[in-house]
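2 protein chains.
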Amino acid sequence: MSDPTDQPLVIFTPSGKRGRVAPGTSVLAAARQLGVDLDSVCGGRGICSKCQVTPSYGEFAKHGVTVREGALSDWNAVEQRYDDKRGLPKGRRLGCQACVMGDVVLDVPPESQVHRQVIRKSADTRPMVMDPATRLFFVEVAEPDMHEPSGDFERLSAALAEQWEVTGLTADPSFLRKLQGALRKGGWQVTVAVYRDHTGAAPHALEIWPGLHEGGLFGLAIDLGSTTIAAHLTDLETGEVKAASGLMNPQIRFGEDLMSRVSYVMMNPGGEKELTEAVRGALADLAGALAEEAGIDPSLIVEAVVVCNPVMHHLLLGIDPTELGQAPFALAVSGALSLPASDLDLTTINPRARAYLLPCIAGHVGADAAAVSLATAPELSEELMLVIDVGTNAEILLGDRTRVLACSSPTGPAFEGAQISSGQRAAPGAIERVEIDPATKEPRFRVIGSDLWSDDPGFAAAIAQTGVTGICGSGIIEAVAEMRMAGLLDPSGLIGSAEQTGTPRSQPEGRTHAYLIHDGSAEGGPRITVTQGDIRAIQLAKSALYAGARLLMDERGADRVDRVVLAGAFGAHISPKHAMVLGMIPDAPLDHVSSAGNAAGTGARMALCSVAARRQVEEGVTKITKIETAIAPRFQEHFVAANAIPHAVDAFPELSKIVDLPAVSFNSGDGASGGRRRKRR
Amino acid sequence: MSDPTDQPLVIFTPSGKRGRVAPGTSVLAAARQLGVDLDSVCGGRGICSKCQVTPSYGEFAKHGVTVREGALSDWNAVEQRYDDKRGLPKGRRLGCQACVMGDVVLDVPPESQVHRQVIRKSADTRPMVMDPATRLFFVEVAEPDMHEPSGDFERLSAALAEQWEVTGLTADPSFLRKLQGALRKGGWQVTVAVYRDHTGAAPHALEIWPGLHEGGLFGLAIDLGSTTIAAHLTDLETGEVKAASGLMNPQIRFGEDLMSRVSYVMMNPGGEKELTEAVRGALADLAGALAEEAGIDPSLIVEAVVVCNPVMHHLLLGIDPTELGQAPFALAVSGALSLPASDLDLTTINPRARAYLLPCIAGHVGADAAAVSLATAPELSEELMLVIDVGTNAEILLGDRTRVLACSSPTGPAFEGAQISSGQRAAPGAIERVEIDPATKEPRFRVIGSDLWSDDPGFAAAIAQTGVTGICGSGIIEAVAEMRMAGLLDPSGLIGSAEQTGTPRSQPEGRTHAYLIHDGSAEGGPRITVTQGDIRAIQLAKSALYAGARLLMDERGADRVDRVVLAGAFGAHISPKHAMVLGMIPDAPLDHVSSAGNAAGTGARMALCSVAARRQVEEGVTKITKIETAIAPRFQEHFVAANAIPHAVDAFPELSKIVDLPAVSFNSGDGASGGRRRKRR
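Line by line, the protein sequences are chains B and X. Anchor point for the first sequence: position 166 equals 165 in numbering that gives the first Met the number 0, and the numbering is continuous, going up by one each time. Anchor point for the second sequence: position 377 equals 376 in numbering that gives the first Met the number 0, and the numbering is continuous, going up by one each time.
Rendered as structure tokens:
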């Protein structure tokens, strides 16, 4: 052998990994020698093109190397065949065919990396790197030999061990059933989808295709909420979302909120079976619809990851959730679960597909909260970060590098427009934004489906189709906050009369008042008001949310937080300023309040695309300190104090810098909460 | 601590293990310290009584120890409570309660050993030691704590790890569904059945009971034959067979022999589904019937082990067996399989029960042959041992400590009474034994259902119920061999005429002759004869068997074998002398020919009761040299030479010592096989 220093130097970008290899070494082999992440499904046979690289020529002072023509071996017949058949981008070479002949700089484009980083739109804190449990392997399998008899499966297994270092393959009978046909049809060349997770369990064969399979592999990231079920059909090679869809959770017919579903089961022994069937049926339908939308064969969906709250978690698994309805709120199982998707009756995808359920944090803090923590990574934050996933139950995380705490708080459905007199779900026609002029006390608003404000010209025409039908969650929050800022509402939450506020829009309703936002009765539409009852409902919800956050801050010994992250589909629509005026969230500089979008869904997609993420969340939840709001003595105290708008006790210095809240009081001495508040002070 | 030599000496019998322990150490703890196999399900709580020992008192010169009164602590309240409630045999102590106070000799009775040896009736070579995959564990589980929330399953898993060193428990959703109820009903004390096999897979929870489960655990050992299915319901704690039963393989309606079933699938695409459903349905029925017969709850059956030939193996798994019908006879899978029993639609037992299929040796040598090798252990034999499992296909093993060879040979169904003019299955009324007087050429016989010979007084009355209905497999073998010994049949297999043999029982039938054994026509019964066609059918079958054995002997370079073991239900009924006269088996001293009974069934039961046996057979089959008779050039040659009775070429010196075969020849020059034989010589 020649002196190693005579060997050509190979430098890979963007990793910067470098080293000398024997002349004539293929780029793919060089990458493996040097630990460079270069993909290959066909194992170097020049047919999958996953190992494409771009050589650079010329002088590279930075690398201290000059790359001459001829640094790589000539374009060969295999590359020509591939280029003729499918086309190779200009400047690209097949890493398994091009051999290193001289010093060379090789760029590995993102699509040639196994562990490519996925670019995401939302400003999430944790990067997402592809590291899926299920991968494709192209193998050449030895033909059967009467003199050395062995099963086709044993020879497939040996080929995977030799060609891919995948050892100890296991398979179900239904895979074995397809094996012999595929091997013979493929002329003893097949592509196998192998599932290997982070648990140390043996690799498991999920699917087989004759020859090289080029149809891709897909997974479902499912965010199973009490009210809605959302799923993202995701490409397991690129992380790309191919289709997204959602539907109502059909369990709603057994009860709007979780506790009423638990009650249904308690009142109707065996009722959990109906609930389980309902949600499983919905998941199967959703999976089928997504495959159709993306135009892919449903059998290419080989994994599903589910995040959900503990009650949905148990009902999906067919476990009676009764224990979750009463102290000590014991989960049947809290750890992550990996199981055949068929165990969840997910029959519309590959029959051997796997399902993964993220771990639950506690009896009230579910796999959805675990997914939020995976997506937002408070445990990596230098600043003290408060993450709130707003929904029927709010999941709350507080923490930084040193420690993370979690709880859930029963906000109820008011933030979703339920239990509000004119409330409705976010849908076209719903008021989603409100402004009230502090001088005239006149409102203007926007409805979902139009970008125009109600006082803009053309508004009536723009919304003619839907009309103004009600007010949704973000609309009611803005409306209440604007009423407070306009002096229509006092800190105790009392709406002033027309006399007290100086506007005829404040109209008597029994012994209290309501504020009229829109009167559609002339056009046969509804009168949309914010009633005293609506205010009380919002106060209850926001008090619960704030009290939960405050409880975690107490535990942490913190008076303030550095950052507030609002998660949940709804979180994306909340105006931080209005949320703070309402006292939903603790005081913080407004530019430190951000939305993480549907963080639970993002966490599900991360766990779908990466076994490292699964390990991360499984380890992560064990380190989270769980606070049970139901038994915390101070919760009730915080809850009462948080009833005022924004708060009876806590100062909001950052809010005061930008908003001047009128010091009004409409207490008429009838024992309304304003009076109580003062007494408590 | 005191000087260890001051500590009491404990000697356990029958193991002979001995050592010193601190005074006050419980016998159970002492056993664990010294590596003595002492059972316990309740973990030392004095409720399961599995750890019973019998202390001996007095002087033991052999052990060099004197055991005084007071060597064990006094009978305590826990023992008293157990004795009051269930009764403790006289002289016994509970090992978890009795503490060592002085030197003591303790006998561990077989029922207190986990790895107890099972006493079997048949003279099998390999001992059977209990080492089941599924065991019961009694645990106390921590109650849920809101301040440290964790799932009930996680706390069960922790309890198993702490109390039994069973770590990393896994479970299906259907187990999790039962968990919370059982824990609460049992007051946080439960018994769990945990499956742990030899593959390194994580322990798997199969069943749970509140409190201490005392109903036992059971498994099925299933011998799935082409014609019959036999199963033994076995106690997984003691190895005891609680019930045994069999039924016809319902696949018979698709074809009597395997190849006709393979043809059915080839001619009817998808037909394997029907065959699979038929056999799975039969297994489920059989399992249900056995549980009923034994009077046990079918959910206590938590394991099933299946042995069968390769075609049945594939059909049971739902795999198209077409490849097994044509060279190179490729198995879809040859290794052992461990899978949920529900994957085999074994729905009449515990829904989480496990199934284990022994490995196949080759495309023609199945898991049944592997089971025979497990039961007869040729690889441990000092002598060269030939094992023949006689059935529609014969499985043949030849070997000793140095090497084992295997093949299968297509004997056809003649040995089972099929394709024989008066043939029938072994059932009451069938002739099973035959003797022919060499002087008078007169026969006498016995039929199944009576111990009397046909010339004994009272025979007619004894068999009045059934009559004489036909001749079964062992009967036809004896008849043909007796005809040869009596000079009614020449070495070429030709039956002599009445003139040539001097008996009117030799009667013309076309151009050949038949020998009349019994004429029942006067009583309306059948005339039972052995025809020339019957002789030819037996010659084909025995030639195939002998040629297979001879092929293995060639490969081994052996002219003779030391021992012949006949396996299979049928093997138990074959007379070694007659088999040798016929030339079914190679020459050997008659007292070296034995029956191993239903060795395949025994092997199945061994694998059911012991994971060590599973490991043994899995390793064993990889070391067996497989010989494919279909492609061995010498097979045909051996087959032709074996056509003569006993053989055209091979000497039978041991046989000659006890039997003098008449040197007759009935060849009338019409080209019968006798003539051909001479030409080949």
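All C-beta atoms, glycine included, are put in the ideal place defined by N, C-alpha and C.
message = I'd like to know if glycine 15/X contacts chain B, where contact means its C-beta is closer than 8 Å to some C-beta of that chain.
response = Position 16 of the second sequence, counting from 1, holds the residue named residue 15/X. No, no contact with chain B.
query = Is the beta carbon of valine 99/X sitting closer than 8 Å to the one on threonine 190/X?
reply = As a position in the second sequence, residue 99/X is number 100, starting the count at 1. As a position in the second sequence, residue 190/X is number 191, starting the count at 1. No, Cβ-Cβ distance for valine 99/X and threonine 190/X is not below 8 Å.
inquiry  = Using the three-state DSSP reduction, which class does lysine 49/X fall into: helix, strand or coil?
reply    = Mapped onto the second sequence, residue 49/X falls at position 50. Three-state DSSP puts lysine 49/X in coil, outside helix and strand.
key: Test: glycine 238/B CB closer than 8 Å to a CB of chain X   = The residue given as residue 238/B occupies position 239 in the first sequence. So, not an interface residue.
Straight-line gap, aspartate 342/B to serine 72/X (C-alpha atoms, nearest Å) = Translated into positions along the first sequence, residue 342/B becomes position 343. Translated into positions along the second sequence, residue 72/X becomes position 73. Straight through space, the alpha carbons of serine 72/X and aspartate 342/B are spaced by roughly 53 Å.
request  = Out of Ala192/X, Ala629/X, Asp222/X, state which residue places its alpha-carbon closest to the alpha-carbon of alanine 352/X.
outcome  = Position 353 of the second sequence, counted from the start, is the residue given in the question as residue 352/X. Ranked by Cα distance from alanine 352/X, the first of Ala192/X, Ala629/X, Asp222/X is Ala192/X.
request  = Could you tell me whether the Cβ of proline 350/B comes closer than 8 Å to any Cβ of chain X?
outcome  = Start at 1 with the first residue of the first sequence, and residue 350/B comes out as number 351. Residue contact with chain X for proline 350/B: absent (no Cβ-Cβ distance below 8 Å to any residue of chain X).
Same chain, Cβ closer than 8 Å to leucine 314/B, five either side skipped, listed in chain order = The residue labelled residue 314/B in the question sits at position 315 within the first sequence. The answer, listed in chain order, is Gln250, Arg260, Glu271, Leu274, Thr275, Val278, Pro320.
query = Listed in chain order, which residues of the stretch 521 to 548 of chain B have Cβ atoms closer than 7 Å to some Cβ of chain X?
reply = Under the 7 Å Cβ criterion, the stretch 521 to 548 of chain B contributes no residue.
inquiry  = Residues of chain X with CB closer than 9 Å to the CB of proline 202/B, please, in chain order.
reply    = Within the first sequence, numbered from 1, the residue matching residue 202/B stands at position 203. Residues of chain X whose Cβ lies closer than 9 Å to the Cβ of proline 202/B do not exist, since the nearest Cβ in that chain is about 12 Å away.
inquiry  = If distances are taken between C-alpha atoms only, which option among Phe11/B, Asp222/B, Gly238/B, Val113/B comes closest to arginine 55/B?
reply    = Stepping through the first sequence from its first residue, residue 55/B is reached at position 56. The sequence given here has serine at residue 55/B, not arginine. Nearest option by C-alpha distance: Phe11/B.
ask   = Buried or exposed: serine 520/X, going by 16 or more other Cβ atoms within 10 Å of its Cβ?
value = Here residue 520/X refers to the residue found at position 521 when the second sequence is read from its first residue. Exposed, since its Cβ has fewer than 16 Cβ neighbours within 10 Å.
request  = Output yes if chain B places a C-beta closer than 8 Å to the C-beta of arginine 424/X; else output no.
outcome  = One-based indexing of the second sequence puts residue 424/X at position 425. Judged by the 8 Å Cβ criterion, arginine 424/X is not in contact with chain B.
message = Please report the straight-line C-alpha distance between alanine 426/B and aspartate 518/B, rounded to a whole angstrom.
response = Within the first sequence, residue 426/B is the residue found at index 427, counting from 1. Within the first sequence, residue 518/B is the residue found at index 519, counting from 1. Approximately 19 Å between the Cα atoms of the pair.
message = To test your reading of the DSSP string, which unbroken alpha helix (DSSP H) runs of 4 or more residues are found completely within the stretch 282 to 325 of chain B?
response = Secondary structure in the stretch 282 to 325 of chain B: the alpha helix (DSSP H) runs of 4 residues or longer, each lying completely within the stretch, are 309 to 316 in chain order.
inquiry  = For isoleucine 387/B, report the span of its alpha helix (DSSP H) as first-last.
reply    = Along the first sequence, one-based indexing puts residue 387/B at 388. Premise fails: isoleucine 387/B lies in the beta strand (DSSP E), 384 to 388, not in any alpha helix (DSSP H).
request  = Indicate whether the contact test is met: 3 or more Cβ pairs, each with one atom in the stretch 402 to 412 of chain X and one in the stretch 381 to 392 of chain X, closer than 8 Å.
outcome  = The stretch 402 to 412 of chain X vs the stretch 381 to 392 of chain X: in contact.
ask   = In the structure shown, what three-state DSSP assignment does leucine 660/B receive?
value = In the first sequence, the residue the question calls residue 660/B occupies position 661. The answer is coil: DSSP assigns leucine 660/B none of H, G, I, E or B.
ask   = Which of the three DSSP states, helix, strand or coil, is assigned to proline 209/X?
value = Reading the second sequence from its first residue, position 210 is the one you call residue 209/X. Judged by DSSP in its simplified three-state form, proline 209/X adopts strand.
task = State whether the stretch 569 to 588 of chain X contacts the stretch 281 to 290 of chain X, with contact taken as three or more CB pairs (one from each stretch) at a distance under 8 Å.
result = No, because fewer than three Cβ pairs between the stretch 569 to 588 of chain X and the stretch 281 to 290 of chain X fall closer than 8 Å, the two stretches do not touch.
query = In three-state DSSP terms, what is glutamine 423/X?
reply = Counting from one through the second sequence, the residue named residue 423/X turns up at place 424. In the structure shown, glutamine 423/X falls within a coil segment according to DSSP collapsed to helix, strand and coil.
ask   = Since glutamate 394/X sits in a beta bridge, which residues does DSSP pair it with?
value = The residue given as residue 394/X occupies position 395 in the second sequence. Its beta-bridge partners are Asp388/X, Ser407/X.
request  = Count the other CB atoms, across all protein chains shown, that sit within 10 Å of the CB of glycine 186/X; report buried if there are 16 or more and exposed otherwise.
outcome  = Position 187 of the second sequence, counting from 1, holds the residue named residue 186/X. So glycine 186/X ends up on the exposed side.
ask   = Apart from the five residues on each side of it in sequence, which residues of its chain come closer than 7 Å, Cβ to Cβ, to alanine 181/B?
value = As a working note, residue 181/B is residue 182 in the first sequence. Same-chain partners within the cutoff: Val189, Ile207, Trp208, Pro209.
task = Measure the alpha-carbon distance for threonine 511/X versus arginine 402/X and round it to whole angstroms.
result = Here residue 511/X refers to the residue found at position 512 when the second sequence is read from its first residue. Here residue 402/X refers to the residue found at position 403 when the second sequence is read from its first residue. Those two C-alpha atoms are separated by around 46 Å.
query = Going by Cα to Cα distance, which pick from Ala647/X, Gln51/X, Ala361/X, Ile419/X is closest to threonine 530/X?
reply = Translated into positions along the second sequence, residue 530/X becomes position 531. Closest by alpha carbon: Ile419/X.
query = Among all the DSSP beta bridges, which residues are the ones paired with histidine 517/B?
reply = Sequence index remark: in the first sequence, residue 517/B carries index 518 (1-based). Histidine 517/B pairs with Ile527/B.
task = Pick out the complete beta strand (DSSP E) segments inside the stretch 65 to 112 of chain X, 3 residues or longer, and give them in chain order.
result = Whole beta strand (DSSP E) segments, 3+ residues: 103 to 106.
ask   = Quick one: what's got a C-beta closer than 7 Å to alanine 366/X's C-beta in the same chain, skipping five residues either side?
value = For the purposes of this step, residue 366/X is taken as the residue at position 367 of the second sequence. Counting only Cβ-Cβ distances below 7 Å, and skipping sequence neighbours, we find Val306, Cys307, His312, Leu356, Leu357, Pro358, Cys359.
ask   = With which residues is lysine 625/B paired in a DSSP beta bridge?
value = Mapped onto the first sequence, residue 625/B falls at position 626. Residue pairing by DSSP places lysine 625/B opposite Ala405/B in a beta bridge.
query = According to DSSP, what are the bridge partners of tyrosine 194/X?
reply = Taking the first residue of the second sequence as 1, we reach residue 194/X at position 195. As computed with DSSP, tyrosine 194/X is found in a beta bridge with Thr133/X, His203/X.
task = Inspect the beta-carbon positions of alanine 170/X and phenylalanine 152/X and report whether they are closer than 8 Å.
result = The count along the second sequence starts at 1 and reaches residue 170/X at position 171. The count along the second sequence starts at 1 and reaches residue 152/X at position 153. Yes. Within cutoff.
request  = Answer yes or no: does any C-beta atom of chain B fall closer than 8 Å to that of valine 278/X?
outcome  = By 1-based counting over the second sequence, the position of residue 278/X is 279. With a threshold of 8 Å between beta carbons, valine 278/X makes no contact with chain B.
inquiry  = Any heavy atom of the ligand ATP closer than 7 Å to the beta-carbon of glycine 582/B?
reply    = Although the ligand ATP was asked about, the structure shown includes no ligands whatsoever.
key: Residue-level contact to chain X via CB, glycine 362/B, 8 Å cutoff   = As a first step, residue 362/B is located in the first sequence; it is residue number 363 there, counting from the start. By this cut-off, glycine 362/B is an interface position.
First through last residue of the beta strand (DSSP E) which encompasses valine 592/X = Against the second sequence, residue 592/X aligns to sequence position 593. In this chain, the beta strand (DSSP E) harbouring valine 592/X covers 592 to 596.
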